[in-house]
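Engineer: In the numbering used here, the protein residues as written are 198 to 368.
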Ligand SMILES: Cc1cc2nc3c(=O)[nH]c(=O)nc-3n(C[C@H](O)[C@H](O)[C@H](O)COP(=O)(O)O)c2cc1C
């Protein structure tokens with residue numbers, strides 16, 4: 198698929214073919230795409246925690262209320278901000294969001310499926326992930342990306358283009 202088609206057809210996937218594996222190459226390709234995201238002053242203040250241990254899936258589902266579909270996924274990537282590597286205060290948030298979107302798009306381009314499950318800035322979730330993974334002080338869990346082989350093709354919404362959201366040269 199070309200880039201434009203990929204952008205318009207990516208949807209959150211929450212139903213997966215249980216037990217179907219994602220190859221190391223697929224995983225590396227999606228992580229590479231994430232690392233090609235734009236970042237403020239190109240500081241790339243991100244880290245990627247890959248989880249493929251089903252016991253840890255259970256622990257994640259116990260602390261994140263909206264990711265029950267992780268049970269059938271093959272892996273999860275926790276996109277984290279590295280506060281020691283950000284170049285300007287709080288820019289890590291936008292940088293990690295860009296990396297997360299690139300990750301989702303690469304997953305889609307590989308005919309896999311993913312769903313972004315928010316962690317930051319929900320305080321109790323952030324604390325719970327820090328505790329679960331014993332993260333260092335400078336590492337902030339940002340997003341949980343649940344990844345697997347989709348059970349079915351995603352339904353596509355009506356055109357989301359809304360001209361009322363576009364403002365020219367002022368409000
Ligand atoms: C910051 C953020 C947090 C999200 N958190 C969750 C979540 O916890 N659980 C979930 O099932 N989906 C979550 N989503 C996915 C959204 O629900 C989804 O992107 C939205 O409904 C639009 O659907 P689409 O991704 O198929 O276009 C999140 C998305 C974003 C960007």
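Quick reminder that beta carbons are idealized off the backbone N, C-alpha and C, glycines included.
A quick note: this is a predicted structure, and the numbers were derived from the prediction, not measured.
So who's on the other strand from residue 204, going by DSSP bridges?
Structural biologist: Note: residue 204 sits in no beta bridge, so no partner.
Engineer: Would you mind giving the Cβ-Cβ distance between residue 342 and residue 280, rounded to the nearest angstrom? I have them listed as a contact below 8 Å.
Structural biologist: 20 Å between Cβ atoms; not a contact.
Engineer: Quick one: grab the DSSP three-state call for residue 291.
Structural biologist: Correct three-state label for residue 291: helix.
Engineer: Tell me which residue opens and which closes the beta strand (DSSP E) that residue 246 is part of.
Structural biologist: Counting along the chain, the beta strand (DSSP E) containing residue 246 begins and ends at 243–248.
Engineer: Ligand 1 and residue 289: does the residue's C-beta get closer than 7 Å to at least one heavy atom of that ligand?
Structural biologist: Outside the cutoff, so no.
Engineer: Label residue 364 either buried or exposed according to how many other C-beta atoms from any shown protein chain fall within 10 Å of its C-beta, with 16 as the threshold for buried.
Structural biologist: Residue 364 comes out exposed.
Engineer: Round the Cβ separation of residue 304 and residue 272 to the nearest angstrom and send it over; I've been treating them as touching at under 8 Å.
Structural biologist: At roughly 11 Å, the Cβ-Cβ gap does not stay under 8 Å, so residue 304 and residue 272 are not in contact.
Engineer: To the nearest angstrom, how far is it from the Cα of residue 242 to the Cα of residue 230?
Structural biologist: Their backbone Cα atoms lie some 15 Å apart in a straight line.
Engineer: Just the C-alpha distance for residue 274 and residue 245, rounded to the nearest angstrom, thanks.
Structural biologist: Between residue 274 and residue 245, the C-alpha separation is close to 6 Å.
Engineer: Do residue 314 and ligand 1 come close, with the Cβ less than 7 Å from some heavy atom?
Structural biologist: Checking the Cβ of residue 314 against ligand 1 gives yes.
Engineer: Would you kindly work out how many angstroms separate the C-alpha atoms of residue 276 and residue 213, rounded to a whole number?
Structural biologist: Their Cα atoms are separated by approximately 21 Å.
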